[in-house]
Amino acid sequence: MQSTFTAIEIGKRGVIAHTQGLATVGHNMSNASVEGYSRQRVEFAPTDPLYIPGLNREETPGQIGQGVDIKSISRVRDEILEGRIVAQANAGGYWETRNNYLLMMEKIYNEPADVSVRSLMDRFWESWQELSINPGEIAPRNALIQDSKALLDAIHQRYDALSSTRKMLEEDVQDTVGLVNDYARQIAQLNEQIVKVKAMGDNPNDLLDRRDLLVEKLSTLVNITVDKRDPDEFSVHIGGRHLVQGRKFHEFQLEARAENDGFSAVLWEGSTEEVRIDGGKLAALLDLRDGDVRQELQKLDTMTVNMVQLVNEIHRSASGLNGNTGVDFFVEHPAVLNATGNYDRNGDGEFDSTYIFRINGTNKLDPQAQVGIEGVITLSGPEGNVQVAYNPTDTVQDIVNRINTSGAEVSASFDRQGRLMLKATPASDINYPDFVIRHVEDSGQFLAGYAGALAQPGPAGAYDWAQADAIVQLAGGADYGVAPFSHPSGWIEINPEIENDPFSIAAGFAENGKSVEPGDGRAALAIAQLRTKPVMIGSLMTFDDYFAASIADIGAKGRQAEIADQTQQLMMKDLKDMRESISGVNLDEELAQMIKFQHGYSASARFISTFNTMLDVLINRMGV
């Protein structure tokens, strides 16, 4: 049997429900500008009626309603759409970061034409050309020194700019790793709070919004996947490992690597395993730092070490007007002080490696002569050794060209005496030093007997850098050069002897022990002609080709990044607009909801007032 006051209870429930509805509307409107907030909706449901099936009841027809209850307060959220946004944010973070830094690198190359490295190198070659015409005069010698200093200053400035960019990337890596760790920590803490709230039967809407926002921010930094299958253990994975698992999280740590100029590797905390980062801002930073910027530095170093080695080779064999010979035009700094290239690579106090940059054979070769022998040359490459086969009908030039196009990190050319010259190129693998020949082997007689570079063929005669005194494998009389100190573009200078005495500049060749003739400019001309010869290490480019290719390469990368970034931004905008239409707070809609709840509240209050009047009649006026 119903109570006399049942109707008042029904009205009270209506007032409470619509009050909560109004409060939820106010909560939505207050958070309309909060990042990551999803609008919430109150779900009403009828209160369980009297005489529900299965219970004893009076002979009263039908079920008797008991008003309204709040079933839940839920957030409006499309989980499938959220998954797409998280996945897309990963690519967006990668290309946005890459575009910003490549734009910075383009500005390094986009110098005024009259002070760029390329224009100053043109002046450098032209000064040698002028000296070859007037080798006996002091004016072109002084002009050469000034133009050389201007060129070296420009090279140093470009090196400093690229090095600063790489250091900036390292600082950004450190900051980003800190953010990843912070987001992972906050997500784990929210997981714990969310589980506790759900255990009470409530919907932790604001906590869920906060967690989803952190996950989205995290996805812009690293490539993550989210696992929501277990409601009590929300998980975030990266590279096949848990970053967050429920209330537990695993941090990243940084470890400086000496072989990478002291820059950091990203490891899992408490282990030596590197984190597999394939996307997001952190992947872009690492790709730029250890890829693009490092490669630009290697290109600059390659150009510098080529110029130094080639100019010095000619200059040493020539004589100055003061009779001095054997003088280097540029200062060369070897990577190791040991004359045979021996180096203690693992730091245990004993020589374990050989750092050789150049190997010259003993025999003068005719590039067009057929070798008449066959075999396979094995050289160090970016991913293991590279093999170059040769046949009896091949000419010497054919073999040289095949080496230079094989992808090996060793190039081949001829020195001024026509001897075969093998040079190391920059290493693709960060674990290997630049400009160090790591392996040279020949199953036949081309490098051994024909060119006079190796002492014997086969594995027993192979030159390998991973041992001390590896030069014993070279042929007797073969010339070699110790590897240069790292980043020659940062330290290259003119020989002080040249700078202090312009007459030490060797413009001509002395013959038969006589002094060089005042009008002999053959050495200066030979140096000037280097400008148009395909002498760059690891390729068949001239110095001019090198500059054109470098600028075109960085421009193409920048354009690709710009287009990809714009595409990702448009895709993210479409997805976020779609989410905003579903989850965002629309003030007009909230005002409509507010009016609806206001009317419901008024109706419930009027119902209570009306029933109160009826009770007043029943209580106070009966029997009067």
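In UniProt numbering, the protein residues as written are 1 to 624.
Note that beta-carbon positions come from the ideal geometry of N, C-alpha and C, so glycine has one too.
Length of the line joining the Cα atoms of residue i and residue j
i, j, result
"Arg13", "Met200", "22 Å"
"Glu383", "Ile277", "21 Å"
"His439", "Met578", "58 Å"
"Leu530", "Gln370", "27 Å"
"Val197", "Ile73", "13 Å"
"Lys217", "Ser148", "50 Å"
"Asp544", "Leu286", "30 Å"
"Gly92", "Thr220", "7 Å"
"Tyr463", "His487", "25 Å"
"Ala478", "Ile437", "15 Å"
"Gly136", "Ala284", "55 Å"
"Val76", "Met29", "14 Å"
"Ile80", "Gln560", "30 Å"
"Asp415", "Val535", "10 Å"
"Asp398", "Asn404", "10 Å"
"Ser164", "Leu120", "22 Å"
"Gly481", "Asn306", "13 Å"
"Gly320", "Ile492", "22 Å"
"Leu615", "Asn205", "42 Å"
Pair within 8 Å by beta-carbon distance, residue i and residue j
i, j, result
"Gly240", "Asn90", "no"
"Gly461", "Gly361", "no"
"Ile471", "Ile356", "yes"
"Arg84", "Leu575", "yes"
"Glu374", "Asn391", "yes"
"Leu587", "Ala23", "no"
"Gly302", "Pro457", "Note that residue 302 is Thr in the sequence shown here, rather than Gly. The answer is no: Cβ separation not under 8 Å."
"Pro484", "His315", "no"
"Leu454", "Ala408", "no"
"Leu169", "Leu288", "yes"
"Ala154", "Val180", "no"
"Trp268", "Phe252", "yes"
"Ile138", "Glu499", "no"
"Pro46", "Gly26", "no"
Exposure label - residue i; buried when at least 16 CB within 10 Å
i, result
"Lys281", "buried"
"Gly349", "exposed"
"His599", "exposed"
"Gln568", "buried"
"Ala466", "exposed"
"Phe5", "exposed"
"Thr613", "exposed"
"Ala552", "exposed"
"Ser3", "exposed"
"Gln566", "exposed"
"Leu310", "buried"
"Glu171", "exposed"
"Glu82", "buried"
"Arg621", "exposed"
"Thr610", "exposed"
Chain-order list of residues whose beta-carbon lies under 7 Å from that of residue i (same chain, five-residue window excluded)
i, result
"His237", "Ile224, Thr225, Asp227, Leu243"
"Gly418", "Lys364, Leu365"
"Lys299", "Ser550"
"Gly558", "Leu102, Leu103, Glu106"
"Asn495", "Val327, Asp328, Phe329, Phe330, Val331"
"Tyr109", "Ile551, Ile554"
"Gly519", "Pro135, Gly136"
"Val386", "Leu379, Ser406, Gly407, Ala408"
Same chain, Cβ closer than 6 Å to residue i, five either side skipped, listed in chain order
i, result
"Gly262", "Ala256"
"Ala143", "Ser127"
"Gly11", "Ser604, Phe607, Ile608"
"Val229", "Looking at the sequence itself, residue 229 is Arg, so the reference to Val does not match. There are no such residues."
"Val195", "Asp232"
"Ala564", "Trp95"
Residue(s) in a DSSP beta bridge with residue i
i, result
"Trp95", "According to DSSP, which records beta bridges pairwise, Trp95 is partnered with nothing at all."
"Gly381", "Gly384"
"Lys364", "Arg419"
"Phe252", "Trp268"
"Leu152", "Answer by DSSP bridge pairing: none, since Leu152 is not bridged."
"Phe414", "Leu420"
"Thr395", "Gln370"
"Leu570", "DSSP, once it has assigned bridges, lists no residue as partnering Leu570."
Own chain residues within Cβ distance below 8 Å of residue i, not counting five before or after
i, result
"Glu192", "Gly246, Arg247"
"Leu214", "Tyr183, Gln186, Ile187, Leu190"
"Thr395", "Pro367, Gln368, Ala369, Gln370, Val371"
"Ala448", "Asp442, Leu454, Ala455, Gln456, Pro457, Gly461, Ala475"
"Ala161", "Ile108"
Check: residue i C-beta below 7 Å from any heavy atom of the ligand SAM
i, result
"Glu274", "Inclusion of the ligand SAM in the displayed structure is not the case, the ligand content being empty and no account of it being possible."
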